[in-house]
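Read the structure below first, then the notes.
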Amino acid sequence: MSETTPAQRAQHGRIGNVSGVAVTAVRQFIADRCTTLSASIGFYAAFSLAPTLLIVLTVAGWFFGETAARGKLFAQVHDILGTEAAGAMQAVVENAHHASGGGLAAVLSTLLLVVGASATFSSLNTALDVIFAAKPQSGVAGLALIVRARLISFGLVLGVGFLLVVSLVLDTAITYVGQRIFGESPLVIAAQIAQTVLGIIVLSAAFTAMLRWLPDVHVPFRHALAGGIVSAVFFTVGRRLFGLYLAHAGTANSFGAAGSLAVLMMWLYFSAAVFLLGAEIAAAMDKNHQKPADKSPVVGEPRR
């Protein structure tokens, strides 16, 4: 019987590490009650959706035009949730846009807009602190963490707007180049694959940023990146499957007039669950790589 080489042993060790991280992540996903946390996040997201989308579209509109930004965003929503849900979401954003008024009402509306838009990210902050076992802080330190969470939450809302701009520009460029090179030939699927890969990259950047900065503890970048990529891939695949499910299951019709809201809540719940699974991957990687002699900040250690 031939002996294994060092390279083979290293490869087996890497495979074992990957499988160990996956198993740990799934177990902790259940132990941390991430399904319940996802439902909570979905609830907050549903009520902060209008201000969040309004700010995102405003930021994107500065660079690419508000009409183009809305067209891109709601086209994606239409592909996932269907015509009725996309129309309902668009109506909510329109109503929020015209409800600001003027003078003092406009100032108060803007403040409420900022607070409302950051509510979802604040609920994500709470869930991530559970996953990464953040130690609770009291007094001034605790207040500082609350303020930090709100500021970062609003910053991430603006960041999503910039990512939408990047996605719009690159998506348009890929479509144009694909049509110029392939025309109407079957090879145009290469451009579609490139668009899918681009979407995964943009989502990975967004999820990585949230995993890196939202928790009240230090999360190494490589672990946040791994969790972000896993979330982005699952999100992309799940988006296709969710669309197929809605097309054949008739879930929206079974809820009658509330069908659009039911579909939206289901999608927000799924999105939150996928993101928290990526967070569990990042937390499991950190636990797997921690060593007693390691002096670097680890999960559970507060930020300084």
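All you need for the working numbering is the position in the sequence shown, starting with 1, plus 3. Don't be surprised by glycine CBs; every beta carbon is placed ideally from N, CA and C.
Rounded distance between the beta-carbons of residue 207 and residue 91, thought under 8 Å: Translated into the one-based positions of the sequence shown, residue 91 becomes position 88. Translated into the one-based positions of the sequence shown, residue 207 becomes position 204. Actually they do not touch by this definition, with Cβ atoms about 29 Å apart.
Determine the burial state of residue 226: buried for a count of at least 16 other Cβ atoms within 10 Å of its Cβ, exposed for fewer. As a working note, residue 226 is residue 223 in the sequence shown. That one is buried.
Length of the line joining the Cα atoms of residue 124 and residue 217: Indexing the sequence shown from 1 puts residue 124 at position 121. Indexing the sequence shown from 1 puts residue 217 at position 214. Those two C-alpha atoms are separated by around 8 Å.
Taking the continuous alpha helix (DSSP H) assigned at residue 365, which residues delimit it? Any answer about residue 365 is impossible in this case: the structure gives the chain only from 4 up to 307.
If contact is defined by three or more beta carbon pairs under 8 Å, each pair taking one atom from either stretch, is the stretch 274 to 289 in contact with the stretch 67 to 76? The stretch 67 to 76 is not in contact with the stretch 274 to 289.
Buried or exposed for residue 54, please, with buried defined as at least 16 other CB atoms from any protein chain shown within 10 angstroms of its CB. For this step, residue 54 is matched to residue 51 along the sequence shown. Buried is the call here.
In terms of alpha-carbon separation, which member of 46, 20 and 30 lies closest to residue 268? Position 265 of the sequence shown, counted from the start, is the residue given in the question as residue 268. Nearest option by C-alpha distance: 46.
Near residue 126, which residues of its chain fall below 7 Å by C-beta distance, leaving aside the five closest residues on each side in sequence? Locating residue 126 in the sequence shown gives position 123, counting from the first residue. Once the five neighbours on either side are set aside, the close Cβ partners of residue 126 are 43, 44 and 47.
Quick test of your reading: residue 131 and residue 282, contact by CB under 8 Å. State the CB separation rounded to the nearest angstrom. As a position in the sequence shown, residue 131 is number 128, starting the count at 1. As a position in the sequence shown, residue 282 is number 279, starting the count at 1. Rounded, the Cβ-Cβ distance is 6 Å, consistent with contact.
Residue 35 vs residue 134 beta-carbon contact at 7 Å: Start at 1 with the first residue of the sequence shown, and residue 35 comes out as number 32. Start at 1 with the first residue of the sequence shown, and residue 134 comes out as number 131. It is a contact, given that the beta carbons lie within the stated cut-off.
Starting from the Cα of residue 274, find the closest Cα among 290, 231, 291 and 250 and give me that residue. Start at 1 with the first residue of the sequence shown, and residue 274 comes out as number 271. Comparing Cα-Cα distances from residue 274 to each of 290, 231, 291 and 250, the minimum goes to 231.
Under the three-state DSSP convention, the category residue 277 falls into: Against the sequence shown, residue 277 aligns to sequence position 274. In the structure shown, residue 277 sits in a helix (DSSP, three-state: H, G or I).
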